[in-house]
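Trainee: The structure under discussion is supplied below as structure tokens; questions concerning it will follow.
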Amino acid sequence: MPVRKGSTVYVQQDNAGPHVLEDDSELEAAGSIGGWTIQMRCQPPRSPDLNVLDLGYFSSIQALQYRKAC
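Here my numbering is used: position 57 in the sequence shown is 71, and no number is missing along the way.
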């Protein structure tokens, strides 16, 4: 499904120190050039209960890989 320009894009990160700040003006400016609205979302650091970046995604892909290998 194509995304229309002008839509809001949410970028989520794990809030570790080296990542982009939530109110990074360079990121916002770069996104607005293409007609996008970019909003950063940070999850609490080291919070396994709220780890929405993982959601079992990589373990699911690995399970598919093992299934195809057999």
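Glycine included, every Cβ here is placed at the ideal spot set by N, Cα and C.
In the DSSP assignment, what residue or residues form a beta bridge with R55?
Mentor: BP columns for R55 point to Q26.
Trainee: Compute the beta-carbon to beta-carbon distance between M56 and E36, rounded to the nearest angstrom, for a pair I have assumed lies under 8 Å.
Mentor: Going by the sequence as given, residue 56 is Cys instead of Met. Correct: roughly 5 Å between the Cβ atoms.
Trainee: Can you tell me the Cα-Cα spacing of V23 and I75, whole angstroms?
Mentor: In a straight line, the C-alpha of V23 is about 25 Å away from that of I75.
Trainee: Look at the Cβ atom of G20, then the Cβ atom of G49, and state whether they are nearer than 8 Å.
Mentor: Yes.
Trainee: How is the alpha helix (DSSP H) around G45 delimited, first residue to last?
Mentor: It spans S39 to I47 - the alpha helix (DSSP H) in which G45 sits, taken as one unbroken run.
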